[in-house]
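Residue numbers (my numbering): 146 to 268.
Cβ coordinates follow ideal geometry from the N, Cα and C atoms, glycine included.
Every value quoted in this text rests on a predicted model; they were computed, and no experiment measured them.
Report on the structure given below.
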């Protein structure tokens, strides 16, 4: 479950969303474990499918509010770097919109913002 209680002043990362793409579910799970072991405390996490049910996606929210997404190419097919980038951007947008909607509910603010996204292709 994503948290809506992170104050913007607590933000330490220059990115709102960091996406690590992998060629398959097994690699995506390994990337998720590496994120958890390397990047510190994650008070909330939710394995979910952000865009559709064709891919296994894990969403982690760090203590400073940065959203980490570990996913693999949809439909179990290798998409290449162009297709993988488009799929990763779509997932980042969907997850960020869900998080932003929680923020808006908590603060009664409906201003639309655009996330800064880092995409790392891991395979």
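Run through DSSP, which three-state label would residue i get?
{"i": "residue 202", "result": "strand"}
{"i": "residue 226", "result": "helix"}
{"i": "residue 167", "result": "strand"}
Check the DSSP bridge columns for residue i and list the partner residues they point to.
{"i": "residue 240", "result": "DSSP lists no partner for residue 240."}
{"i": "residue 263", "result": "163"}
What number of angstroms, rounded off, separates the C-alpha of residue i from the C-alpha of residue j?
{"i": "residue 261", "j": "residue 162", "result": "6 Å"}
{"i": "residue 235", "j": "residue 164", "result": "11 Å"}
{"i": "residue 176", "j": "residue 167", "result": "8 Å"}
Could you give the residue range of the alpha helix (DSSP H) that holds residue i?
{"i": "residue 183", "result": "170 to 183"}
Residue i lies in the beta strand (DSSP E); which residues open and close that run?
{"i": "residue 158", "result": "That residue, residue 158, is in no beta strand (DSSP E); it is neither H nor E in DSSP."}
{"i": "residue 216", "result": "212 to 217"}
Is it right to say residue i is buried, meaning 16 or more other beta carbons lie within 10 angstroms of its own, or is it exposed?
{"i": "residue 88", "result": "There is no way to answer for residue 88, as the model of the chain reaches only from 146 to 268."}
{"i": "residue 231", "result": "exposed"}
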